[in-house]
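Have a look at the structure below, then the notes.
There are 2 protein chains.
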Amino acid sequence: MTQSTPLEFWFDFASTYSYVAARRAPAIAAARGVELVFQPFVLGPIFAAQGWNDSPFNIYPAKGRYMWRDLERLCADAEIPLRRPSKFPRNSVLGARVALVAREDGFVEAFTRALFHANFAEDQDIGDPAVVRAVIDGLGRPGAEILERAVDEAHKPLLRRQTERATALGIFGAPSFVRGSELFWGNDRLDAALRFNG
Amino acid sequence: MTQSTPLEFWFDFASTYSYVAARRAPAIAAARGVELVFQPFVLGPIFAAQGWNDSPFNIYPAKGRYMWRDLERLCADAEIPLRRPSKFPRNSVLGARVALVAREDGFVEAFTRALFHANFAEDQDIGDPAVVRAVIDGLGRPGAEILERAVDEAHKPLLRRQTERATALGIFGAPSFVRGSELFWGNDRLDAALRFNG
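If you're matching them up, the sequences are chains D and H in order. Just so it is clear: in the first sequence, position 30 is 30 by our numbering, and no numbers are missing. Just so it is clear: in the second sequence, position 156 is 1156 by our numbering, and no numbers are missing.
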């Protein structure tokens, strides 16, 4: 076990750069002996508080065009599979709820990787419960039972608390990394966050 | 002389991350044997077209708080001096006009470094012609004469053309780098732009 400060990885399953970070973070953190804490959340309420009702990549077309090309280059460089989703952004609320259950059950890393893969490498609609269930089943876990827990009224406050905590941490986009009291925004800050002496 | 594709460096003197990029780019480009082409412009008209009449770092406070802390960390890491400007953003139109004259006269790199330094290391008002003139004088160039050329009606279309070209290139923020037909946004894409086989 390491004594260093864990790295919190805040991600949204709809977020393109979160996908890249989710592919990179586990190995890079492990190589540095830093514990990675998965923090699923949804950007929707945070964007809404900024006056946006859609992804900024849709609201600002030049930014969106750039992002897709940048993502292609990043994925090619890092040998990460990419098929541009036919719908963007996809509804990521159910995915985030399931990830919180998966964290309780000890398979959040595998689920996170698999659901991002469905969205950004297989163009599947991760907002569809049938898709999420198949992803869970594919990990050898009971999909129907986990979906039921994820959407149970008793469980729903968990995701709301994630969003509140994200807001309190000053998070305004995804992915974000938190190391001690330091916030880092973006896939391209992963290495800085791991180097930071927090 | 190198045969590789030059790297265009698009920057705005009001932009914090442009300051960092301006400090880093000349040495990094030279080390790779890539010619750096200084492309001063102003983001104002581009932001206005996106519906913003201020810096997004002011419009979105969480983003702004993050940026200033991120900038502190970046500057500390790279040993770049930083004193947070008492006014942000500063008017960068005159600076951009003078940089275009300096490019004609062969001292754009020195002027760019010096004017950024005035804004972000000395908290000087770079929108004030007296400040810009002193910066030019400090480089051993005739400040009064160069200012006069910069604001001459015959010269003004140059900056307008820069903005038009930036828009045509898909630029939506600063700094941006253009290598061949590839656009890279942000100080943290400098290395990727230099590596790119464009």
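C-beta: ideal position from N, C-alpha, C; glycine also.
Task: Neighbour list for TRP185 (chain D) in chain H, Cβ cutoff strictly below 8 Å - done: By one-based count along the first sequence, residue 185 (chain D) stands at place 185. Those are TYR1066, ASP1070, listed as they occur along chain H.
Open item on the list: With three or more beta-carbon pairs closer than 8 Å as the criterion, would you say the segment 1021-1039 of chain H touches the segment 56-70 of chain D?
Closed with: no
- [ ] Taking ASP1105 (chain H) as the reference, give the member of H:ILE1136, H:GLY1127, H:MET1067 with the closest Cα.
- [x] Sequence index remark: in the second sequence, residue 1105 (chain H) carries index 105 (1-based). Among H:ILE1136, H:GLY1127, H:MET1067, the Cα nearest to that of ASP1105 (chain H) is on H:ILE1136.
Open item on the list: In whole angstroms, give me the CA-to-CA distance for VAL178 (chain D) and TRP10 (chain D).
Closed with: Position 178 of the first sequence, counted from the first residue, corresponds to residue 178 (chain D). Position 10 of the first sequence, counted from the first residue, corresponds to residue 10 (chain D). Rounded to whole angstroms, VAL178 (chain D) to TRP10 (chain D) spans 8 Å at the Cα level.
- [ ] List the residues of chain H that ALA62 (chain D) touches, going by C-beta distances under 7 Å, in chain order.
- [x] Counted from its first residue, the first sequence places residue 62 (chain D) at position 62. The contacting residues are GLY1170, PHE1172.
Open item on the list: If the criterion is Cβ atoms closer than 8 Å, does the pair ARG1097 (chain H) and VAL1151 (chain H) meet it?
Closed with: As a working note, residue 1097 (chain H) is residue 97 in the second sequence. As a working note, residue 1151 (chain H) is residue 151 in the second sequence. Yes; because the gap between Cβ atoms is below 8 Å, this pair is in contact.
Task: Test item: CB-CB of ASP54 (chain D) and ARG90 (chain D) under 8 Å - done: By 1-based counting over the first sequence, the position of residue 54 (chain D) is 54. By 1-based counting over the first sequence, the position of residue 90 (chain D) is 90. Contact flag unset, no.
Task: Residue range of the beta strand (DSSP E) that includes LEU1007 (chain H) - done: In the second sequence, residue 1007 (chain H) corresponds to position 7, counting from 1. From DSSP, the beta strand (DSSP E) with LEU1007 (chain H) extends over 1007-1011.
TODO: Note down, in chain order, every chain D residue with its Cβ under 9 Å from the Cβ of GLN1050 (chain H).
DONE: On the second sequence, residue 1050 (chain H) is found 50 positions in, with the first residue counted as 1. Within 9 Å Cβ-Cβ: ILE59, TYR60, ALA62, LYS63.
Task: chain D contact for ASP1188 (chain H) (CB, 8 Å cutoff) - done: Translated into the one-based positions of the second sequence, residue 1188 (chain H) becomes position 188. So yes, ASP1188 (chain H) belongs to the interface.
Open item on the list: With the cut-off set at 8 Å, would you say TYR17 (chain D) and GLY1170 (chain H) are in Cβ contact?
Closed with: To locate residue 17 (chain D), count along the first sequence from 1; it is residue 17. To locate residue 1170 (chain H), count along the second sequence from 1; it is residue 170. Not in contact: TYR17 (chain D) and GLY1170 (chain H) (Cβ atoms no closer than 8 Å).
Task: Where TRP185 (chain D) sits in the DSSP three-state scheme - done: For the purposes of this step, residue 185 (chain D) is taken as residue 185 along the first sequence, with counting starting at 1. Strand at TRP185 (chain D).
Open item on the list: Let me confirm a value: ASP12 (chain D) is counted as buried when at least 16 other C-beta atoms fall within 10 Å, else exposed. Which label applies?
Closed with: Your numbering for residue 12 (chain D) matches position 12 in the first sequence. So ASP12 (chain D) ends up on the buried side.
TODO: Report the three-state DSSP secondary structure of LEU139 (chain D) (helix, strand or coil).
DONE: Here the question's residue 139 (chain D) lines up with position 139 in the first sequence. Three-state DSSP puts LEU139 (chain D) in coil, outside helix and strand.
TODO: Would you mind sorting ASN1197 (chain H) into buried or exposed? The rule is 16 or more other CB atoms within 10 Å of its CB.
DONE: In the second sequence, residue 1197 (chain H) corresponds to position 197, counting from 1. Flag for ASN1197 (chain H) reads exposed.
Task: Alpha-carbon to alpha-carbon, GLY180 (chain D) and VAL1108 (chain H) - done: Against the second sequence, residue 1108 (chain H) aligns to sequence position 108. Against the first sequence, residue 180 (chain D) aligns to sequence position 180. Straight-line Cα distance between these residues: approximately 42 Å.
- [ ] Would you tell me roughly how many angstroms separate the C-alpha atoms of ASN119 (chain D) and LEU159 (chain D), rounded to the nearest one?
- [x] For the purposes of this step, residue 119 (chain D) is taken as residue 119 along the first sequence, with counting starting at 1. For the purposes of this step, residue 159 (chain D) is taken as residue 159 along the first sequence, with counting starting at 1. Looking at the two C-alpha atoms, the distance is approximately 20 Å.
- [ ] Compute the Euclidean distance between the alpha carbons of PRO157 (chain D) and ILE80 (chain D), then round it to the nearest angstrom.
- [x] The count along the first sequence starts at 1 and reaches residue 157 (chain D) at position 157. The count along the first sequence starts at 1 and reaches residue 80 (chain D) at position 80. Approximately 34 Å between the Cα atoms of the pair.
Task: Inter-residue spacing [alpha-carbon to alpha-carbon] between GLU1148 (chain H) and LEU1115 (chain H) - done: Working through the second sequence from its first residue, we reach residue 1148 (chain H) at position 148. Working through the second sequence from its first residue, we reach residue 1115 (chain H) at position 115. Their backbone Cα atoms lie some 17 Å apart in a straight line.
Open item on the list: Please identify the residue among D:LEU36, D:ASP191, D:PHE172, D:ALA192 whose C-alpha is closest to the C-alpha of PHE47 (chain D).
Closed with: For the purposes of this step, residue 47 (chain D) is identified with residue 47 of the first sequence, where counting begins at 1. Of the listed residues, the one whose Cα sits closest to PHE47 (chain D) is D:PHE172.
Task: LEU1071 (chain H) (DSSP reduced to helix, strand or coil) - done: In the second sequence, counting from the first residue as 1, residue 1071 (chain H) sits at position 71. Residue state, collapsed to three classes: helix.
Task: C-alpha distance - VAL1034 (chain H) paired with ALA1049 (chain H), whole-angstrom precision - done: Looking up residue 1034 (chain H) in the second sequence gives position 34. Looking up residue 1049 (chain H) in the second sequence gives position 49. Their backbone Cα atoms lie some 33 Å apart in a straight line.
- [ ] Using the DSSP secondary-structure output, state which residues sit across from PRO1040 (chain H) in a beta bridge.
- [x] On the second sequence, position 40 is the one that residue 1040 (chain H) refers to. Partner(s): H:PHE1011.
- [ ] Identify which residue in H:LEU1094, H:HIS1117, H:GLU1122, H:PRO1045 has its Cα closest to the Cα of PRO1129 (chain H).
- [x] As a working mapping, residue 1129 (chain H) is identified with position 129 in the second sequence. Nearest of H:LEU1094, H:HIS1117, H:GLU1122, H:PRO1045 to PRO1129 (chain H), Cα basis: H:LEU1094.
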